[in-house]
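Report on the structure given below.
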Amino acid sequence: MFYLEQIWENLSKQERYQLRQEKLRPLMQEFFDWCENNKTTILPWQENIQVNCK
-19 MFYLEQIWEN LSKQERYQLR QEKLRPLMQE FFDWCENNKT TILPWQENIQ
31 VNCK
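Under the working numbering, the sequence shown has -12 at position 8, and the numbering climbs by one with no breaks.
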């Protein structure tokens, strides 16, 4: 995510917004879906995952 933002830093606000919707949104949704599906099976990180899934 931060890598992509760095690449896009010289684009206009509208271009960055559009790229976020096209590229980052699906990645973030995949991450949150993974968190939701795995929050009870990952013990060491469980607390952090539960916080991120809220």
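Think of the CB as a built atom: it goes at the ideal place given N, C-alpha and C, for glycine as much as any other residue.
{"Item": "Tell me which residue opens and which closes the alpha helix (DSSP H) that Q1 is part of.", "Value": "First-last for Q1: undefined, no H or E at that position."}
{"Item": "Straight-line CA distance for E(-11) to R(-4)?", "Value": "8 Å"}
{"Item": "Reducing DSSP to helix, strand and coil, say where M8 ends up.", "Value": "helix"}
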